[in-house]
Amino acid sequence: MTARLLELSGIRAAHGGITVLHGIDLAVRAGQVVALLGPNGAGKTTTLKVAAGVHPPTGGRLLLGGRDATGMPPGDLARAGVCLIPEGRGVFPNLSVRDNLQMMTFTGRAREEIEETAYARFPALGTRRAQAAGTLSGGEQQMLALARGLATDPAVLLLDELSMGLAPLVVAGLYEHVAEIARQGVAVLVVEQFATAVLKLADHAAVLVRGRIRWQGHPDSSLHAELSSYYLGSPT
Ligand code: ATP
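Reading the sequence shown from the start, the letters are residues 284 to 519 in the numbering used here.
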């Protein structure tokens, strides 16, 4: 079995003094896609923010490649290979596709290399390289966000609601790319409210409800029944 690249152990976190994560245990191995599912306000985004160092935990430990990374600033975690693609796509709408990619040269990689890699993976971006990112379709914007993230050569990729506002066919296409990224050895943690698309490729799933993981395991048919009961707010 491959190494645990990312591990959250007993993670607690709060917003404005109110605890919203009550001890999260979650691990993602190299090459794995782990889906973190749950209804609105369950704490999914907060979990990703803790993993990226953007939100400080109030308890528990964050481990990166088995090493304690709790409290590490987000810049250090990014340099160590953690990449968060936030909800809402994380692209600069007024800049062209090319300029959005060019900004990633801060990583030390050459613009040509970043562009070539991005266009090879997402040919649609290549044909629209001079177009303002804000005029791309939602799916293409998400491709650009992924391409920008991949330019950092991440070991751990954190994706927040990749499917937000997109048609099912577009989402399915994006998740094929996510599966390919994982096959190349990246540990991928995906947050989604609606599970259908991600569960086709997830190796492991966890259901978060009101800041607690209520179920985790292999996403087999039993999960679908569990999900509907959690989302409908059945007794816990
Ligand atoms: P969603 O799908 O709505 O984004 P989520 O599962 O990602 O939900 P979080 O965004 O992590 O959930 O929010 C968890 C809890 O923390 C919610 O009760 C939310 O209202 C609260 N919360 C999140 N961000 C803040 C903030 N900046 N200030 C105060 N409370 C917050």
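Using N, Cα and C, we set each Cβ at its ideal position, and we do this for glycine too.
Quiz item: Any heavy atom of ligand 1 within a distance shorter than 8 angstroms of the CB on K327?
Solution: Working through the sequence shown from its first residue, we reach residue 327 at position 44. It does: the Cβ of K327 is within 8 angstroms (strictly closer) of some heavy atom of ligand 1.
Quiz item: Mind checking P406: buried by the 16 CB within 10 Å criterion, or exposed?
Solution: If you number the sequence shown from 1, residue 406 lands on position 123. That one is exposed.
Quiz item: Is it buried or exposed for I301, if we count other Cβ within 10 angstroms and need 16 for buried?
Solution: Counting from 1 along the sequence shown, the entry for residue 301 is found at position 18. Exposed: under 16 other Cβ atoms inside 10 Å.
Quiz item: Mind checking D443: buried by the 16 CB within 10 Å criterion, or exposed?
Solution: Numbered from 1 along the sequence shown, position 160 holds the residue referred to as residue 443. Of the other Cβ atoms in all chains shown, 16 or more fall within 10 Å of the Cβ of D443; this residue is therefore buried.
Quiz item: Count the other CB atoms within 10 Å of the CB of S511; is the residue buried (16 or more) or exposed (fewer)?
Solution: Locating residue 511 in the sequence shown gives position 228, where the first residue counts as 1. Per the 10 Å Cβ criterion, exposed.
Exercise. Please confirm whether A363 and G348 have their CB atoms less than 9 angstroms apart.
Key: Here residue 363 corresponds to residue number 80 of the sequence shown, with the count starting at 1. Here residue 348 corresponds to residue number 65 of the sequence shown, with the count starting at 1. One thing to note: A363 has its Cβ within 9 angstroms of the Cβ of G348.
Quiz item: In three-state DSSP terms, what is E370?
Solution: On the sequence shown, residue 370 is found 87 positions in, with the first residue counted as 1. Under the three-state reduction of DSSP, E370 is assigned to coil, being neither helix nor strand.
Practice problem: Measure the CB-CB distance between L310 and R295 and report whether it falls below 9 angstroms. | Solution: Here residue 310 is taken as the residue at index 27 of the sequence shown, counted from 1. Here residue 295 is taken as the residue at index 12 of the sequence shown, counted from 1. It should be noted that the sequence gives Ala, not Leu, for residue 310. Going by C-beta atoms, A310 is not nearer than 9 angstroms to R295.
Quiz item: Which of helix, strand or coil does DSSP assign to A415?
Solution: Locating residue 415 in the sequence shown gives position 132, where the first residue counts as 1. Here A415 sits in strand by DSSP.
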